[in-house]
Amino acid sequence: MESGASVRRPPSPPLLALRGVFKRFGAVQALADVELEVRAGQVVALVGDNGAGKSTLIKVIAGVDPADEGAVEWDGRPVQITRPHEAQALGIATVYQDLALCDNLDVVGNLFLGREIHRAGVLDEVEMERLTLDLLDTLAIRMPDVRLPVASLSGGQRQTVAISRSLLGEPRLVLLDEPTAALGIEQTAQVLDLVEQLRERGLGVLLISHNMGDVKAVADWIAVLRLGRNNGFFDVTTTSHEQIISSITGATDNAVTRRASQGWGA
Amino acid sequence: MSRTWTLRKQKQAGAQAGGAVTAADRRQLAAGAGAGAGGQNPLEILKRRFHSGELGSVPVALGLVVVWIIFESLNENFLSPRNLSNLSVDIVGPGMISIGVVFVLLLGEIDLSVGSVSGLAAAVFAVLSVNQGMPEAPALVLAVLGGTLIGAVQGFFLAKVGVPAFVVTLAGLLGWNGLMLYILGASGTINIDENGLVAKLTSYYFTNVAAAYGLAALGTAAFFLASYHGVRRRRAAGVPCRPMSEIVLRTGVLAAISLAAAWVLNQFLGLPLALLIFLVMLVGLDYVLRRTPYGRMIFALGGSVEASRRTGLNVSLVRISVFMVSGTMAAIGGLFLASRVTSASQTSGGGNLLMDAIAAAVIGGTSLFGGRGRTWSALLGVLVIQSIASGVALMGIQTAVQFMITGGVLLVAVVIDSLSRRAQRAHGRV
């Protein structure tokens with residue numbers, strides 16, 4: 001169900017747009033002519049089978065592994081993202097699958113890791129704790145104690161800490177790599193609630209997930225990657241589960257893919 | 001963007017589940033606040049801390065009391081002012097080295113060269129001041145800076161070349177010991193000026209009783225004011241804080257311990273200069289570790305190298321700087337040890353000094369796995385080790401027994417460290 005009309009003629013340019021992105025690792029063509037758009041206040045789920053290029057695409061956007069070819073547009077302007085801090089400067093925050101938390105530090109310490117507030121060279125713990133409580137409060141996150149080492153938190157809580165941390169830099173786009181993998185039902189609900197909070201705050205969210213239930217619960221759009229190429233961009237409300245699955249497995253081709261392959265053939 | 005009915009239902013289910021979690025969390029929030037409020041039931045706090053692996057310095061403090069009771073019951077001179085006063089000076093040399101080891105352990109690394117570096121620093125000082133006729137002050141500074149430089153070199157090989165710290169510092173252990181023997185030359189032992197600056201480090205006592213009591217009172221008052229100021233700031237900012245009762249309790253314990261120590265020291269010669277310097281070092285470096293961005297970098301790096309790197313932390317620089325701290329503290333410790341025997345000899349920095357310094361840090365509660373520990377563990381650990389050494393010496397039994405006891409204590413400390421680490425992992429909430 002390509003709803004190209006509403007996407008192609010937007011009232012304002014998308015927050016992030018990728019045009020014809022290619023990425024090659026040695027003999028492996030990880031991404032080929034990938035297109036993607038994420039708008040402010042929109043949750044786009046990036047789905048695909050293992051090796052479809054989802055994580056590679058996230059790394060391209062985050063500036064960890066820049067694309068070989070292709071254009072990146074931010075707010076309609078062409079930009080270059082070749083280093084992680086360039087992506088951060090634009091307002092792109094990334095939460096990786098391994099979360100990158102320091103287990104021995106408490107919630108406050110992890111949230112402010114690398115951007116500690118200090119006065120005259122002394123950490124301002126009180127201010128950092130206040131801001132942490134404020135942030136968790138606005139996100140409706142319950143944390144037993146922000147002074148506990150994160151090692152003693154549950155998987156869902158650790159995930160929410162990692163996502164909250166990405167929000168401290170006031171990003172406009174958040175990339176989430178499998179945020180609900182290995183979480184229980186309740187913890188997954190917590191994280192999905194948080195994703196909705198991000199959308200309500202007007203942030204763009206690009207979410208990698210393997211779980212169709214999660215995707216259908218929070219995403220507005222679903223972008224399918226198959227073997228490093230686009231294989232469909234679906235409106236969640238009008239697309240069936242089966243359509244998405246068949247698109248992931250390659251049982252159906254999609255208009256975008258056809259276009260891409262024509263482009264390749266030529 | 002409208003959604004289908006099924007999706008809404010799904011979301012509602014999610015929201016309900018979220019609500020349930022929230023309620024459960026609130027309970028825990030209340031429980032956490034109750035335990036944090038402390039005053040009500042200290043046993044509860046201890047239990048909670050045990051389960052979440054945050055025992056801190058409680059086991060080692062209890063262990064120290066046990067050691068003291070045992071030795072006192074075996075020999076009544078053990079807790080005499082004279083012995084305790086000597087103990088308070090004996091701990092300074094190994095204690096200084098152990099502080100440096102705490103820094104390295106916080107990164108999850110190891111520094112095996114601290115013993116040799118301490119011996120080398122003593123030798124450098126002795127050669128410069130006695131053989132070369134340099135005044136003691138610049139000789140002392142050069143000896144300490146030599147330790148800093150050695151730390152920088154070892155840190156470079158670890159951080160930039162990628163050689164494991166174990167290997168780099170093992171090479172250092174041999175190499176710096178060799179350099180010490182080389183510069184000491186044929187004579188082997190150099191006696192330093194018994195009335196000089198370095199000798200005074202451990203031989204000078206503030207004989208005025210006001211000094212020890214004044215330090216105890218000042219320290220307690222500073223602790224109370226800092227805690228009180230913290231509580232007021234936290235109240236003003238509206239974040240949870242310790243109740244005043246807990247602060248009063250902590251201040252009371254600190255006052256009791258420090259005044260008792262001052263009383264004991266005044267029964268002998270007064271407050272030793274060495275102990276004063278050691279305490280200042282402990283407080284200062286504890287502040288650096290816990291209250292400055294630099295200290296936070298060390299803890300972060302000890303917790304997760306990858307997470308630290310991704311936040312833009314300069315991993316190499318922090319690693320090199322920590323080994324510089326370790327080398328510096330080793331050199332300072334070496335000078336205190338030389339001061340104690342007023343000489344630098346071929347055995348300086350040898351024996352079980354290295355093992356004592358590392359064991360002290362671990363016994364005191366600093367984790368071998370990195371990311372957990374405090375400078376105070378150097379004090380507590382070295383107190384335990386030196387108490388055992390002193391007790392065994394008083395009773396006139398062989399050092400063999402001392403080694404066995406210290407080994408046993410170290411094993412217990414590492415077991416506690418491993419168990420609390422496991423408890424922390426297992427103690428997932430919700």
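Each protein sequence line maps, in turn, to chains Z and V.
Just so we're aligned, residue 1 is where the first sequence starts under the UniProt record's numbering, counting upward by one.
Just so we're aligned, residue 1 is where the second sequence starts under the UniProt record's numbering, counting upward by one.
From the three backbone atoms N, C-alpha and C, an ideal C-beta is built for every residue, glycine too.
All values reported here derive from a predicted model rather than from experimental measurement.
Residue i touches chain V at which residues, Cβ-Cβ below 9 angstroms?
i, result
"Leu198(Z)", "Chain V residues near Leu198(Z): none, gap ~15 angstroms exceeds 9 angstroms."
Answer with buried or exposed for residue i, where buried requires no fewer than 16 other C-beta atoms within 10 angstroms of its C-beta.
i, result
"Arg142(Z)", "buried"
"Ser129(V)", "buried"
"Ile150(V)", "buried"
"Ala182(Z)", "exposed"
"Ile69(V)", "exposed"
"Asp177(Z)", "buried"
"Leu301(V)", "buried"
"residue 440(V)", "Since the first and last residues shown for chain V are 1 and 430, residue 440(V) lies out of range."
"Arg372(V)", "buried"
"Gln398(V)", "exposed"
"Gly349(V)", "buried"
"Arg374(V)", "buried"
"Phe278(V)", "buried"
"Gln42(Z)", "buried"
Can you check whether the C-beta of residue i is within less than 7 angstroms of a C-beta belonging to chain Z?
i, result
"Glu246(V)", "no"
"Pro81(V)", "no"
"Asp25(V)", "For Asp25(V), the predicted structure reports a pLDDT of 39, less than 50, and the residue's modelled location is therefore unreliable. A value from the coordinates is still provided. Output row for Asp25(V): interface = yes."
"Ala222(V)", "no"
"Gly306(V)", "In the sequence on display, residue 306(V) carries Glu and not Gly. Closer than 7 angstroms: yes."
"Arg422(V)", "no"
"Gly371(V)", "yes"
"Arg242(V)", "no"
"Arg374(V)", "no"
"Arg233(V)", "yes"
What separation, rounded to the nearest whole angstrom, lies between the Cα atoms of residue i and residue j?
i, j, result
"Leu87(V)", "Leu265(V)", "11 angstroms"
"Arg226(Z)", "His210(Z)", "13 angstroms"
"Arg19(Z)", "Ser377(V)", "57 angstroms"
"Asp193(Z)", "Glu186(Z)", "11 angstroms"
"Gly351(V)", "Thr160(Z)", "51 angstroms"
"Val107(Z)", "Ala219(Z)", "28 angstroms"
"Phe233(Z)", "Gly230(V)", "54 angstroms"
"Leu276(V)", "Thr220(V)", "15 angstroms"
"Gly327(V)", "Arg147(Z)", "33 angstroms"
"Arg242(V)", "Ala423(V)", "25 angstroms"
"Ala217(Z)", "Glu196(Z)", "10 angstroms"
"Gln154(V)", "Asn314(V)", "17 angstroms"
"Val161(V)", "Ser316(V)", "10 angstroms"
"Arg290(V)", "Glu136(V)", "34 angstroms"
"Leu170(V)", "Thr207(V)", "43 angstroms"
"Pro94(V)", "Arg119(Z)", "34 angstroms"
"Arg77(Z)", "Glu170(Z)", "20 angstroms"
"Val168(V)", "Leu158(V)", "7 angstroms"
"Glu35(Z)", "Val72(Z)", "10 angstroms"
"Met324(V)", "Gly333(V)", "14 angstroms"
"Arg233(V)", "Val126(Z)", "7 angstroms"
"Leu140(V)", "Ala357(V)", "22 angstroms"
In chain V, which residues lie less than 8 angstroms from residue i when you measure between Cβ atoms?
i, result
"Thr109(Z)", "Residue identity differs from the one stated: residue 109(Z) is Gly in this sequence, not Thr. Under the 8 angstroms cutoff, chain V gives Arg296, Phe299, Ala300."
"Glu127(Z)", "Ala237"
"Val60(Z)", "Ordered by position in chain V, no residue passes the 8 angstroms Cβ test against Val60(Z), which lies about 17 angstroms from the chain."
"Arg130(Z)", "Ala237, Gly238, Val239"
Any Cβ of chain V within less than 7 angstroms of the Cβ of residue i?
i, result
"Asn104(Z)", "yes"
"Gly114(Z)", "yes"
"Gly91(Z)", "no"
"His210(Z)", "no"
"Arg83(Z)", "no"
"His241(Z)", "no"
Against residue i, what residues of chain Z qualify as contacts under a CB-to-CB distance less than 7 angstroms, listed in chain order?
i, result
"Arg310(V)", "Ala100"
"Gly303(V)", "Cys102, Asp103, Asn104, Leu105"
"Leu313(V)", "Gly114"
So which residues on chain V does residue i lean against when the C-beta distance must stay under 7 angstroms?
i, result
"residue 276(Z)", "Absent from the structure is residue 276(Z), since the part of chain Z shown begins at 1 and ends at 266."
"Leu133(Z)", "Val239"
So who's on the other strand from residue i, going by DSSP bridges?
i, result
"Gly204(Z)", "Leu173(Z)"
"Asp124(Z)", "Answer is none; Asp124(Z) lacks a bridge partner."
"Val29(Z)", "At residue 29(Z) the sequence reads Gln, which differs from the Val that was named. DSSP lists Arg24(Z) as partners of Gln29(Z)."
Under 8 angstroms between beta-carbons, which chain Z residues line up against residue i? List them in chain order, please.
i, result
"Leu368(V)", "Those do not exist, as Leu368(V) stays about 13 angstroms from chain Z at its closest Cβ, beyond 8 angstroms."
Between residue i and the ligand NAD, is the CB less than 6 angstroms from at least one heavy atom?
i, result
"Val315(V)", "As presented, the structure is devoid of all ligands, the ligand NAD included, so that no description of it is given."
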